[in-house]
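**Student:** So the mapping is simple: the numbering used here equals the position in the sequence shown, first residue as 1, plus 422.
C-beta atoms are modelled at their ideal positions from N, C-alpha and C, and glycine is treated no differently.
Keep in mind that this is a model prediction, so the values were computed, not measured.
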Amino acid sequence: MTKILRASTLSIAIAFGAAGCGDAEVNDSAVAVYPDPYYGYAYYYPADLIYSDPYMVDGWYSYPYYYADTQPLTAPAGSGPGAYLRALASGEELCPGHVDFEPRERDLDCDEEDDQGETRTGASVDFDDCELGDGSVLDGSFEITSERTYSDEDCAPDTIVTVSFTSHYDDLSYTAPDGTRFVVPELRSSGAYTRMLADRPVVVSFTSSGSFEHYDATGELVTEVSIDGSQAAELGASGDDWTYRLYGALLMQDELNGRSLTVAADDLERVEGCCHPTAGTLRISGTGYETASVSYGPECGDATLNGDVVRLRECR
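(1) For M478, which residues from the same chain have a beta carbon less than 6 Å from its beta carbon, with the 5 sequence-adjacent residues on both sides left out?
(2) Which whole-angstrom value describes the C-beta separation of H688 and G702, a residue pair presumed to lie in contact below a C-beta threshold of 8 Å?
(3) Are the Cβ atoms of A632 and Q653 separated by less than 8 Å?
(4) Once DSSP output is grouped into helix, strand and coil, what is the label at A578?
(5) Buried or exposed: G562, going by 16 or more other Cβ atoms within 10 Å of its Cβ?
(6) Would you be able to state if there are at least three C-beta pairs under 8 Å between the region 716-732 and the region 676-696?
(7) Take the Cβ of F587 as the centre, count every other Cβ of all protein chains shown within 10 Å, and call the residue buried at 16 or more, exposed below.
(8) Considering only their Cβ atoms, is the gap separating A614 from R585 smaller than 8 Å?
(9) Any idea what DSSP makes of E447, helix, strand or coil?
(10) With DSSP collapsed to three states, give me the class of L510.
(11) Going by other Cβ atoms of all chains shown within 10 Å of its Cβ, with 16 needed for buried, is I706 buried or exposed?
(12) Which residues in the same chain have their Cβ closer than 8 Å to the Cβ of R738, if we skip the five residues on either side of it in sequence?
(13) Any heavy atom of the ligand ATP closer than 7 Å to the beta-carbon of C722?
(14) Would you check if the distance between the CB atom of Y591 and the CB atom of V605 is smaller than 8 Å?
(15) Taking the CB atoms as reference points, tell me whether A464 and M674 lie closer together than 8 Å.
(16) Along the chain, where does the beta strand (DSSP E) containing P525 start, and where does it finish?
(17) Per DSSP, which residues does E736 bridge with? Please list them.
(18) According to DSSP, simplified to helix, strand and coil, what is L471?
(19) Please classify D574: is it buried, with 16 or more other beta-carbons within 10 angstroms of its beta-carbon, or exposed?
(20) To the nearest angstrom, how far is the alpha carbon of R610 from that of S589?
(21) Assuming I649 and S627 are in contact, meaning their beta carbons sit under 8 Å apart, how far apart are those beta carbons, in whole angstroms?
(22) Got a sec? Which residues, its chain only, sit under 6 Å from E677 by beta carbon, not counting five neighbours each side?
(23) In three-state DSSP terms, what is V693?
(24) Quick check on the burial criterion: 16 or more other C-beta atoms within 10 angstroms. Buried or exposed for E447?
(25) Would you report the Cα separation of D730 and G680, rounded to the nearest angstrom?
(26) Roughly how many angstroms separate the alpha carbons of T414 and G658, rounded to a whole number?
(27) Can you tell me which of the three DSSP states P382 falls into?
(28) Which class does P607 belong to by DSSP, given the choice of helix, strand or coil?
(29) Which residues share a DSSP beta bridge with M478?
(30) Check this for me: beta carbons of Y596 and G502, under 8 Å apart or not?
(31) Would you decide whether I472 is buried or exposed? Buried here means 16 or more other CB atoms lie within 10 Å of its CB.
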């Protein structure tokens with residue numbers, strides 16, 4: 423039986439890179455009337471930047487809490503800008519002469535009589551035409567600060583550390599090797615987590631508000647949305663084959679098409695080395711808008727839209 427995607431669903435498929443599989447009909451006029459932007463990227467791209475914030479505001483005096491034992495320091499190609507921010511925070515040298523990275527540190531607040539060393543509390547970063555190893559380019563800046571409390575003054579392994587942080591991304595632009603460009607004109611976030619002194623957190627929770635733009639390889643603006651909402655990142659345990667999973671909902675205002683939408687994630691898996699989720703589901707809904715369900719995986723670049731196979735852009 424011939425499958426026909428309704429206009430709003432079909433246009434999302436085009437934005438994701440292809441129409442449904444099989445003998446689906448493609449109505450060009452419907453695509454022109456309903457040019458939906460790539461809402462998936464608007465959900466997980468800013469979140470991946472904010473997931474880098476704890477790397478910038480926490481100490482490395484015990485061991486790198488956010489890295490699995492077998493994970494290399496160098497950011498894998500195809501991961502996107504968040505992986506490079508995390509590598510920068512942990513000591514990787516990126517594009518010398520084109521990045522100004524100023525970390526801030528101070529002594530631990532607990533048991534100052536012992537020499538416990540310093541902990542990271544924040545950073546300011548400015549990228550100026552920073553060309554990375556895979557040919558991608560970063561521009562723009564961000565500022566991150568934090569506060570922390572301790573459950574006791576002993577600085578023992580079972581001391582509980584509570585960290586809160588705020589960040590401000592300003593005109594951060596990432597140009598992928600294929601010429602696709604993603605811009606965060608402004609993104610403000612605040613988040614918090616707890617951890618044992620000698621361990622990493624299990625969950626990082628944060629709220630964010632700002633804007634997101636996506637340009638195709640020809641320079642045409644295909645997505646322009648404002649975002650606002652709360653998300654949480656669940657970290658994989660050391661040795662797991664996944665990096666983190668995203669949950670939560672964002673309210674999005676589509677500036678190109680005048681739509682107000684809610685985009686919510688369920689168990690959205692993000693793994694270093696892939697610019698897309700590799701598992702989980704995004705649900706996109708709004709008044710007068712046909713609800714869409716996008717499921718990812720099992721391989722990088724695999725996805726379905728309401729059960730129909732779609733192709734995502736290559737990560738390179």
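**Tutor:** Short version:
(1) Start at 1 with the first residue of the sequence shown, and residue 478 comes out as number 56. Excluding positions up to five away in sequence, the list reads A511, A545 and I566.
(2) By 1-based counting over the sequence shown, the position of residue 688 is 266. By 1-based counting over the sequence shown, the position of residue 702 is 280. Note on residue identity: the sequence assigns Asp, not His, to residue 688. Yes, they are in contact, since the Cβ atoms of D688 and G702 sit about 6 Å apart, within 8 Å.
(3) For this step, residue 632 is matched to residue 210 along the sequence shown. For this step, residue 653 is matched to residue 231 along the sequence shown. For the sequence presented, residue 632 should be read as Gly rather than Ala. No, the pair does not count as a contact, with Cβ atoms beyond the cut-off.
(4) For the purposes of this step, residue 578 is taken as the residue at position 156 of the sequence shown. If DSSP states are grouped into helix, strand and coil, A578 belongs with coil.
(5) If you number the sequence shown from 1, residue 562 lands on position 140. Per the 10 Å Cβ criterion, buried.
(6) yes
(7) Indexing the sequence shown from 1 puts residue 587 at position 165. Its Cβ being crowded by 16 or more others within 10 Å, F587 is buried.
(8) Looking up residue 585 in the sequence shown gives position 163. Looking up residue 614 in the sequence shown gives position 192. The sequence shown places Val at residue 585, not Arg. Cβ distance < 8 Å, so V585 and A614 count as in contact.
(9) One-based indexing of the sequence shown puts residue 447 at position 25. Low local confidence applies: a pLDDT of 37 at E447 is under 50, so the model's placement there is unreliable, with the coordinate-based value given in what follows. Three-state result, E447: strand.
(10) Locating residue 510 in the sequence shown gives position 88, where the first residue counts as 1. Helix at L510.
(11) The residue labelled residue 706 in the question sits at position 284 within the sequence shown. Buried is the call here.
(12) Here residue 738 refers to the residue found at position 316 when the sequence shown is read from its first residue. Cβ neighbours of R738 beyond the five flanking positions: A499, G500, D556, A598, P599 and D600.
(13) Only the bare structure without any ligand can be found here, which leaves the ligand ATP out of the picture.
(14) What you label residue 591 is simply residue 169 of the sequence shown in a count that begins at 1. What you label residue 605 is simply residue 183 of the sequence shown in a count that begins at 1. It is not a contact, given that the beta carbons lie outside the stated cut-off.
(15) Here residue 464 refers to the residue found at position 42 when the sequence shown is read from its first residue. Here residue 674 refers to the residue found at position 252 when the sequence shown is read from its first residue. Yes, these two residues count as a Cβ contact at 8 Å.
(16) If you number the sequence shown from 1, residue 525 lands on position 103. Boundaries of the beta strand (DSSP E) harbouring P525: V521 to D529, taken from the DSSP string.
(17) Mapped onto the sequence shown, residue 736 falls at position 314. Beta-bridge pairing links E736 to no other residue.
(18) Residue mapping note: residue 471 aligns to position 49 of the sequence shown, counting from 1. It is helical.
(19) In the sequence shown, the residue the question calls residue 574 occupies position 152. Exposed, because fewer than 16 other Cβ atoms sit within 10 Å of the Cβ of D574.
(20) On the sequence shown, position 188 is the one that residue 610 refers to. On the sequence shown, position 167 is the one that residue 589 refers to. Roughly 6 Å between the two C-alpha positions.
(21) Taking the sequence shown and counting its residues from 1, one reaches residue 649 at position 227. Taking the sequence shown and counting its residues from 1, one reaches residue 627 at position 205. Not quite, the Cβ-Cβ distance comes to about 16 Å (not below 8 Å), so this is no contact.
(22) For this step, residue 677 is matched to residue 255 along the sequence shown. Correct list, in chain order: E646.
(23) Stepping through the sequence shown from its first residue, residue 693 is reached at position 271. Here V693 sits in coil by DSSP.
(24) As a position in the sequence shown, residue 447 is number 25, starting the count at 1. Confidence in E447 is poor, its pLDDT being 37 and thus under 50, which makes the residue's placement unreliable; the coordinate value appears in the next sentence. By the neighbour-count rule (16 or more Cβ atoms within 10 Å), E447 is not buried but exposed.
(25) Mapped onto the sequence shown, residue 730 falls at position 308. Mapped onto the sequence shown, residue 680 falls at position 258. Answer to the nearest angstrom: the Cα atoms are 26 Å apart.
(26) Lying outside 423 to 738, the shown extent of the chain, residue 414 is not represented and no answer is given.
(27) Not covered by the structure: residue 382. The range shown for the chain is 423 to 738.
(28) Within the sequence shown, residue 607 is the residue found at index 185, counting from 1. If DSSP states are grouped into helix, strand and coil, P607 belongs with the strands.
(29) Within the sequence shown, numbered from 1, the residue matching residue 478 stands at position 56. Note: M478 sits in no beta bridge, so no partner.
(30) Position 174 of the sequence shown holds residue 596. Position 80 of the sequence shown holds residue 502. Yes, these two residues count as a Cβ contact at 8 Å.
(31) If you number the sequence shown from 1, residue 472 lands on position 50. The residue in question, I472, is buried, as its Cβ has 16 or more Cβ neighbours within 10 Å.
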